[in-house]
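In my numbering, the protein residues as written are 51 to 308.
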C-alpha cells in the first residue's frame, strides 16, 4: 500500500522511474541471458551421468561377485562328481550304480550351465565396461563444459550482482509508493509486452516504439499531467516527453553512482 497519497503528476513520475529501474534490471538480466538455465541444465546432466556411472560400476561389481559364486559352485560340483565316482566303485548293484551315474550327469549339467552363465556374464561385463567408458567420456566433457559456463556466469554475476541487488531494492521502494490498482496495471502491461515497457513517453507525436500518432488533444491532456492516460493501441501508460527527460536525467545520476 502507498505510504502517502500522491497527486497524478507524482504518480506518473513514480511509475516512469519504476519503469526506468525495471528496464535497467532487464538489461542486466539480458546480459546474463540463458546462462543460468544452461548452467542448471548442465548440472542436471552431470548429476544424471554421475548416477549412471555409479550404477554401471555397481553392476560390474555385482556381476564379478556372481562370476566368483559360479566358479565356487563349479568347484563344488566337481567335488561332488569325484565323490559319486568314488562311490560307484563301491556299489553292490546296478540300481545304485545307475543312480550315482545320474548324479554325476546332473553335476556335469550344472557345471555346463554355470560355465554358460559365466560366459554370458563376461560378455555383459565387456558391454558394461564399454558403457562405463562412454559415460565417463561424456561426463568429463559435460563437467568441463559446466566448469567453463559457471566461470562465465560467475564473472558476469560479480560484475552485475551488486548493481542488480541495489536496483531490485529501489524497484521495491518505488513500488511501495504506488497504489495497488496502478501497480497491478503496470505489472500486467509489463508482462504482456515483449520489451517490458509499460510506461512510455511521447516521441514525435506517437508513443515510444509505436507508429500510431496520438491526437493533439490527447497529447495536451498527457502534458497537463492531470490524469493517467493509456495508449489505445498498446495499453501502455503515457507520459509527456519533458517529464520523461527529467526522470531519465534523475535516474542516470542514480545509475552513475553504481
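Ideal Cβ placement from N, Cα and C applies to all residues, glycine included.
Keep in mind it's a predicted model, so treat the numbers as computed, not measured.
request  = Could you tell me whether the Cβ atoms of residue 58 and residue 199 are closer together than 7 Å?
outcome  = For residue 58 and residue 199, no; Cβs fall outside 7 Å.
ask   = Counting along the chain, where does the alpha helix (DSSP H) carrying residue 264 start and finish?
value = According to the DSSP assignment, residue 264 belongs to no alpha helix (DSSP H), since it is labelled neither H nor E.
ask   = Which same chain residues, not among the five before or five after residue 130, have their C-beta less than 6 Å away from its C-beta?
value = Setting aside the 5 residues that flank it on each side, residue 130 is surrounded in the same chain by 157, each with a C-beta closer than 6 Å to its C-beta; the list follows chain order.
ask   = Taking the alpha-carbon positions, what's the residue 148 to residue 99 distance?
value = About 57 Å.
request  = Would you kindly report the start and end of the unbroken alpha helix (DSSP H) that includes residue 228?
outcome  = Careful: residue 228 lies outside any alpha helix (DSSP H) and carries neither H nor E.
request  = Count the other CB atoms, across all protein chains shown, that sit within 10 Å of the CB of residue 308; report buried if there are 16 or more and exposed otherwise.
outcome  = If you draw a 10 Å sphere on the C-beta of residue 308, you find fewer than 16 other C-beta atoms in it, and that means exposed.
task = Mark residue 281 as exposed unless 16 or more other C-beta atoms lie within 10 angstroms of its C-beta, in which case mark it buried.
result = Here residue 281 is buried: its Cβ has 16 or more other Cβ atoms, across all protein chains shown, within 10 Å.
message = Quick check on residue 173: buried or exposed, where buried means 16 or more other Cβ atoms within 10 Å of its Cβ?
response = Exposed is the call here.
request  = Can you tell me which of the three DSSP states residue 288 falls into?
outcome  = Secondary structure of residue 288 (DSSP, three-state): strand.
request  = Step through the CB atoms of chain B and report whether any lies within less than 7 Å of the CB of residue 246.
outcome  = Absent from the structure is chain B; it holds one protein chain and no more.
key: Cβ neighbours of residue 51 in the same chain (closer than 7 Å, five flanking residues each side left out)   = Model confidence at residue 51 stands at a pLDDT of 42, short of 50, so the residue's coordinates are unreliable; what they give is reported in the following sentence. Here the set comprises 230.
task = Kindly examine the ligand ZN and report whether one of its heavy atoms sits closer than 6 Å to the Cβ of residue 293.
result = Absent from the structure shown: the ligand ZN. Ligands present: none.
message = Strictly by DSSP, which residues pair up with residue 256?
response = 253 and 263, per the DSSP bridge assignment.
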